[in-house]
Amino acid sequence: MTMTTVAGELPDALGHLQGGIADSLRTRIGGRPVALFLDYDGVLAEIVDRPEDATISDGMRDVVADLAQRCQVCVVSGRDRPVVQELMRLDSLIVAGSHGFDIASPDGEISAQFAGGHENLLESVRHQVEAGAREIPGATVEVKAASVALHYRLVDEIDRWRATALVEEVRTAHLDELKVTPGKMVYEVQPAIDWDKGKAVDYLIRVLEMGPDVVPIYLGDDFTDEHAFTALRGRGIGLIVVGAATADADRVSAAEYRLDGVAAVQRFLDLIAR
């Protein structure tokens, strides 16, 4: 059984990395090489009303670029892989887009798509979701390689039930073919494939041949990152990013440490890089 703790009660990773506590994060790492798995929204960039406005700061990009010269760095995002690559503008990163359904390395040695053969299904879903979203003021639709996302952050709270009803209607119309994955003010309508960010991280650990001497560290803020936190229990370290615009501090999480916002993420990564 996976242990879970209220996110706000988890130990602060910055304090444990900087301090001399016997059971500190630095002791857990023990001087071994690390591999970093980083979500984008809410971790490398602040959560904003419109996804297209979520840009990474130059300072954060510089820290990630520096780390990529020292260790393996992978960005694991719900966004489409090409979108993440354009936002990051770094050629040294492995990117797992669409919640890990689409993975590629810069050298081309890793190129894996786990939702192939569902193009017709996703096209049908796109038409249904777009038609329904037109009736919900503020709702926007994002078409991805392996899902159709319905964003409702800008929908009036009194109308948000309509977004839930829409995706449930679409899922019911394709019973046994689709699953709906909730996120931060978004529903991802995906093929009903047993795949998630945790399985993507496991896949990368395997294909990159990371031995027991490597410590995988995953930073995420969303509900979809819980699969990765669970996957790394006993193998690596999960850190949940909490803050006013990210994860609720009272949310139960399988992570082991917390970071309080994107600025804390940058400080943490800078310490790891030293």
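Just so we're aligned, residue 1 is where the sequence shown starts under UniProt numbering, counting upward by one. Virtual Cβ for every residue (Gly too), placed ideally from N, Cα, C.
- At the C-beta level, V141 and V129 come within 7 Å of one another.
- Contact between A145 and G97 holds, with the beta-carbon distance rounding to 7 Å and staying under 8 Å.
- Between the stretch 249-258 and the stretch 31-47, the count of C-beta pairs closer than 8 Å stays below three; the two stretches do not touch.
- Counting C-beta atoms within 10 angstroms of its own C-beta, A165 has fewer than 16 neighbours from the protein chains shown and is therefore classed as exposed.
- The three-state reading of DSSP puts P51 in helix, counting H, G and I together.
- Selection A68, G78, H99 evaluated against R89 yields A68 as nearest (Cα-Cα).
- In the structure shown, the three-state DSSP call for I158 is helix.
- Residue pairing from DSSP places L239 in a beta bridge opposite L219, Y257.
- According to DSSP, residue pairing for S24 in a beta bridge does not occur.
- Below 8 Å, too few C-beta pairs join the stretch 234-244 and the stretch 108-125 to call them touching: fewer than three.
- For the pair L38 and Y203, the Cα-to-Cα distance works out to about 15 Å.
- E142: member of the beta strand (DSSP E) spanning 140-143, first to last residue.
- In the structure shown, I136 falls within a coil segment according to DSSP collapsed to helix, strand and coil.
- Scanning its chain for C-beta atoms nearer than 8 Å, with the 5 sequence neighbours on each side dropped, one finds around L178 the residues L121, V125, V170, R171, V189, Q190, P191, A192, in chain order.
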